[in-house]
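**Student:** The structure under discussion is supplied below as structure tokens; questions concerning it will follow.
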Amino acid sequence: GDSVTQMEGPVTLSEEAFLTINCTYTATGYPSLFWYVQYPGEGLQLLLKATKADDKGSNKGFEATYRKETTSFHLEKGSVQVSDSAVYFCALSALNSGYSTLTFGKGTMLLVSP
Amino acid sequence: NAGVTQTPKFRVLKTGQSMTLLCAQDMNHEYMYWYRQDPGMGLRLIHYSVGEGTTAKGEVPDGYNVSRLKKQNFLLGLESAAPSQTSVYFCASSYVQGWLDQETQYFGPGTRLLVL
């Protein structure tokens, strides 16, 4: 079945450091790929998405490129801020009995210190 | 717009008790979902609905029932709660634009459930 694998956390960085969170997936067909972010005590919010190979999703300084050849969708940011501290989830959307559902990775916690 | 709302925010149950979690959305979305979030497990799909009056099982449906009598509401029921159902429950909804444009899901704030 479909699956998403993320690097385990927590990832601990100092402010202004470069961030990479790795995400790889296994899926049949042509899934769309997503990054969601969960701030403490809140629900998940869409951060960015890509719907086909070589697409780059971007938002709030975060970027991720859909790499079909390596089945990856790594999240990057050039300079993190303390406010970026959160849990980040990689997910794919694929057909399930004719309807589209999301499969999530286990999440990666990011802690940014001043 | 309130988006996706969930009630209650927090609940403590004793083993064997029943309860219903309510999810409401005001975005006229067709699809609605219930997930549970457990430490180290990410989010797992319990049940989902692709329209009013229809429901389907997700990855972990056992011990739960759902109903979608109105388009804007999606109810999750626990008939006989067990400690293994202690979790944070999230509802989500989405608008399907076409099967090639996989939809974005919008999440509620969550319900924290503790079963003793």
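Chains as they are written, first to last, in this note's numbering: chain V, 13 to 126; chain S, 1412 to 1527. Here a beta-carbon is modelled for each residue, glycine too, at the ideal position from N, C-alpha and C.
Cβ of V/K61 less than 9 angstroms from any chain S Cβ?
**Tutor:** Indexing the first sequence from 1 puts residue 61 of chain V at position 49. Answer yes: the Cβ-Cβ gap between V/K61 and chain S drops below 9 angstroms somewhere.
**Student:** Tell me which residues of the segment 1435–1459 of chain S have at least one Cβ-Cβ distance to chain V shorter than 7 angstroms, keeping chain order.
**Tutor:** Within the segment 1435–1459 of chain S, the qualifying residues are G1451, M1452, G1453, L1454, L1456, Y1459.
**Student:** Considering only the alpha carbon of each residue, which of V/K80, V/S91, V/M121, V/T83 lies closest to V/K72?
**Tutor:** Residue 72 of chain V sits at position 60 when you count from the first residue of the first sequence. Considering only alpha carbons, the answer is V/S91.
**Student:** Tell me the residue span of the beta strand (DSSP E) that contains S/H1458.
**Tutor:** Residue mapping note: residue 1458 of chain S aligns to position 47 of the second sequence, counting from 1. Here the beta strand (DSSP E) through S/H1458 covers 1453–1462.
**Student:** Any contact of the segment 1474–1486 of chain S with the segment 1432–1441 of chain S, i.e. 3+ C-beta pairs under 8 angstroms?
**Tutor:** yes
**Student:** Name the one or two DSSP bridge partners that S/R1422 has.
**Tutor:** Position 11 of the second sequence, counted from the first residue, corresponds to residue 1422 of chain S. Bridge partners of S/R1422: S/L1524.
**Student:** Mind the definition here: the segment 1417–1428 of chain S touches the segment 34–46 of chain V only if three or more C-beta pairs lie below 8 angstroms; say whether that holds.
**Tutor:** no
**Student:** For S/Q1516 and S/R1447, I'd like the C-alpha separation in whole angstroms.
**Tutor:** Reading the second sequence from its first residue, position 105 is the one you call residue 1516 of chain S. Reading the second sequence from its first residue, position 36 is the one you call residue 1447 of chain S. Approximately 15 angstroms, taken between the alpha carbons.
**Student:** Can the beta-carbon of V/K61 be found closer than 9 angstroms to that of V/G55?
**Tutor:** In the first sequence, residue 61 of chain V corresponds to position 49, counting from 1. In the first sequence, residue 55 of chain V corresponds to position 43, counting from 1. Not a contact, by the Cβ cut-off of 9 angstroms.
**Student:** For S/Q1436, which of helix, strand or coil comes out of DSSP?
**Tutor:** Start at 1 with the first residue of the second sequence, and residue 1436 of chain S comes out as number 25. Of the three classes helix, strand and coil, the one that applies to S/Q1436 here is strand, per DSSP.
**Student:** Excluding the 5 residues preceding and the 5 following V/Q93 in the sequence, name in chain order all residues of the same chain whose CB lies nearer than 7 angstroms to its CB.
**Tutor:** If you number the first sequence from 1, residue 93 of chain V lands on position 81. The residues are E27, V124.
**Student:** When you compare the CB of S/G1469 with every CB in chain V, is at least one pair closer than 9 angstroms?
**Tutor:** As a working mapping, residue 1469 of chain S is identified with position 58 in the second sequence. Chain V contact via Cβ: present.
**Student:** Consider the Cβ of V/E127: report whether some Cβ of chain S lies at a distance smaller than 9 angstroms.
**Tutor:** An answer regarding residue 127 of chain V cannot be provided, because it is not within the stretch 13 to 126 covered by chain V.
**Student:** Alpha carbon to alpha carbon, how far is V/S84 from S/V1423?
**Tutor:** Within the first sequence, numbered from 1, the residue matching residue 84 of chain V stands at position 72. Within the second sequence, numbered from 1, the residue matching residue 1423 of chain S stands at position 12. One Cα belongs to V/S84, the other to S/V1423, and the distance between them is close to 40 angstroms.
**Student:** What first and last residue would you give for the beta strand (DSSP E) that runs through S/Y1442?
**Tutor:** As a working mapping, residue 1442 of chain S is identified with position 31 in the second sequence. Start and end: 1442–1449.
**Student:** Within 9 angstroms (strictly less), CB to CB, does V/K68 reach chain S?
**Tutor:** Reading the first sequence from its first residue, position 56 is the one you call residue 68 of chain V. Chain S contact via Cβ: absent.
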